[in-house]
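Under the numbering used here, the first residue of the sequence shown is numbered 15, with each subsequent residue one higher. Beta carbons: idealized from backbone N, C-alpha and C, even for Gly. Bear in mind that the values here come from a model prediction, so they are computed numbers and not experimental data.
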Amino acid sequence: MLLAGFLFSLMNVSVKLIPHIPAIEIILFRSVFSLVLTYILLKKENLPVLGSNKKLLIIRGIAGSIGLMAFFYTLQNIPLASAVTLNYLAPVFTTILGIFIVKEKVQARQFLYFGVSFLGVIVIEGFDPRISTFDLSIALIASLAMGVAYNVIRKLNTTEHPLVIMFYFPLITIPIAAVASYYFWVLPSGWDWVILLAVGLLTQFAQYFMTLAYQNAQLSKVASLSYVGIIYALGFGFFIFGETYSLVVFFGMALVLMGVILNIFK
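Below you can see the structure in the form of structure tokens.
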């Protein structure tokens, strides 16, 4: 999960480096790359491409698609560290939804920790004028959809290979992204192609390690490990994009992380 988090951080930077390319178009390129590579790996491993539990696999694909589209939007429209911090609410939603979907037990005090994280989100949105209410809503939709996707992955831990689960993600995403991209298409040029390739490669490996982690450990603890990515986001945001934050916004980020750390060591 730690390795997946680092690779996802590099992918986030790649997406933000090409703000002139619509988010949905980046997702289309990424999904085509992922579909082809995953299909090749499935054939190499002699695994059934479509798996056995198709209903849950399709739900995972739809939830993952919604989450990815909403997250890429926030990456391109608000500061990097803020986008990543808001996206880190996904583990909170994952744990809460896990009570109902995979029947995992959550202690009462964990809800207090979740509240601390949500308070941090309110502070970030309230004191950073670069984040509108609409942007915050899209970020929350992304986190909620990812929480659904991660729980479905957990339910598939005994029936499906990680590569099969990964295959359904682009399989569902490509038709949606293709139709939407038709109306917003911007032809990539020069280094755009290199960055788009990097997005595809980084995401493919990050997805694999993340899927493996979610299949083999308790949801709340594995999900919380992804929060170390905020350190990368702050560094990349400052040195590459020149992004700075007020002390109050840093305090909001600290609250989000505090809620997660308390959850880990409950």
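In angstroms with no decimal places, state the Cα-to-Cα distance between PHE253 and LEU31.
Spanning the alpha carbons of PHE253 and LEU31 requires a straight line of approximately 13 Å.
In the DSSP assignment, the alpha helix (DSSP H) including ARG74 goes from what residue to what residue?
Where ARG74 is concerned, the enclosing alpha helix (DSSP H) starts and stops at 68 to 91.
Unbroken alpha helix (DSSP H) run spanning ALA231, endpoints
That residue, ALA231, is in no alpha helix (DSSP H); it is neither H nor E in DSSP.
Taking the straight line between their C-alpha atoms, what separation do you get for ASN67 and ALA104?
So the alpha carbons of these two residues sit roughly 24 Å apart.
With a cut-off of 8 Å on the beta carbons, I'd call LEU271 and ILE244 a contact; round off their distance for me.
In this structure, LEU271 and ILE244 form a Cβ contact; the two beta carbons are roughly 6 Å apart against a cut-off of 8 Å.
Give me, in chain order, the residues of the same chain whose beta-carbon lies closer than 7 Å to that of LEU89; leave out the 5 immediate sequence neighbours on both sides.
Excluding positions up to five away in sequence, the list reads ASN26, VAL29, LYS30 and ALA97.
Beta-carbon contacts of LYS57 that lie in its chain and below 8 Å, excluding the five residues immediately before and after
Around LYS57: VAL63.
Short of 8 Å in beta carbon distance, which residues of its chain neighbour PHE223, apart from the five on each side in sequence? Order them along the chain.
Cβ-Cβ distances below 8 Å link PHE223 to MET15, LEU17, ALA18 and LEU21 in the same chain, with the five nearest sequence neighbours on each side left out; the list follows chain order.
With 16 other CB atoms within 10 Å as the buried threshold, where does GLN121 fall?
GLN121 is exposed by the Cβ-count criterion.
In the DSSP assignment, find the alpha helix (DSSP H) that holds THR25 and state where it starts and stops.
At residue 25 the sequence reads Met, which differs from the Thr that was named. Note, MET25: alpha helix (DSSP H), 16 to 30.
Report the residue from TRP207, ASN60, TYR53 and ILE80 whose alpha carbon sits nearest the alpha carbon of ALA191.
That would be ILE80, whose Cα lies nearest to the Cα of ALA191.
Could you tell me whether the segment 136 to 156 touches the segment 254 to 262, using the rule of 3 or more Cβ pairs below 8 Å?
Touching, yes, given that three or more Cβ pairs across the two stretches are closer than 8 Å.
Minimum length 4: unbroken alpha helix (DSSP H) runs contained in the segment 108 to 152:
Taking 4 residues as the shortest admissible run, the segment 108 to 152 contains the following complete alpha helix (DSSP H) segments, listed from N- to C-terminal end: 122 to 141.
Is it buried or exposed, GLY129, if we count other Cβ atoms within 10 angstroms and call 16 or more buried?
Exposed: under 16 other Cβ atoms inside 10 Å.
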